[in-house]
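The numbering of the sequence shown is our numbering, which starts it at 7 and goes up by one. A virtual CB, placed ideally from N, CA and C, is assigned to each residue, including glycine. Heads up: the structure comes next, in structure tokens.
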Amino acid sequence: MTETPVLPTVWRPRVTRIVAYITAGVIMLALIVLAVVVAPQFKLFDRILIVVFGAFVAWVLHMLARCRVAADESGLTVVNAFRTRTFEWPEVLDVTMSEGEPWPTLDLADGTSMSAMGINGTEKALAARQLTELKTLLHTRGEAPDPT
């Protein structure tokens, strides 16, 4: 096993955040410029809708970029694109991520599972390190001590 990470710790993808925020900025800039220089047959309302559409796309990209998995003394907080859930350590039984999966899956004590989009499989080395750290924490924090 690897060394247990110091709590609190946060795992989040790097490339996904960079690409999402750069893309959001480019889209907003392009649509603002388009709204300013668009042909005169477009009215003010149409121009405003162009900018609002750009803001909506930027918001969706922000929601994808904010994904993370945070661990502290009390448990895990999983922030996915449109949902945030907090788990105590014993609630999370295991975490798995097979080759080619976009993000790991948390196996929960209630029999369900949940994706953890904060660890991105496309960043292979970073994802492997983050997954190992999370597994180590689940092993040390989530399991009951052996009765001796």
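Could you tell me the alpha carbon to alpha carbon distance between residue i and residue j, rounded to whole angstroms?
i	j	result
V63	A30	7 Å
R16	A115	For the record, residue 16 in the displayed sequence is Val; it is not Arg. Distance between the alpha carbons of V16 and A115 is about 22 Å.
V59	L13	Here residue 59 is Phe; the residue named in the question, Val, does not match the sequence. Between F59 and L13, the C-alpha separation is close to 40 Å.
T128	I54	37 Å
I38	H68	18 Å
P110	I28	25 Å
A76	V98	13 Å
M34	A61	7 Å
T83	E94	9 Å
L40	L70	25 Å
Taking the alpha carbon of residue i as the reference point, which residue from the options has its own alpha carbon closest?
i	options	result
T142	V101, Y27, I56, W65	V101
D113	I38, L140, A61	L140
Taking the DSSP output, what are the residues bridged to residue i?
i	result
L13	In DSSP, L13 forms no bridge with anything.
T138	In the DSSP output, where bridge partners are listed per residue, T138 has none listed.
A4	Residue 4 is absent from the model: the chain starts at 7 and stops at 154.
R91	V84
L112	V101, M120
Cutting at 8 Å between CB atoms, please list the residues of its own chain near residue i, excluding the five before and the five after it.
i	result
V21	N126, T128, E129
T146	T10
Excluding the 5 residues preceding and the 5 following residue i in the sequence, name in chain order all residues of the same chain whose CB lies nearer than 6 Å to its CB.
i	result
R18	R74, G124
P108	G127
Check your understanding: Taking one C-beta from the stretch 88-102 and one from the stretch 40-51 each time, how about it: are there three or more such pairs within less than 8 Å?
Key -> no
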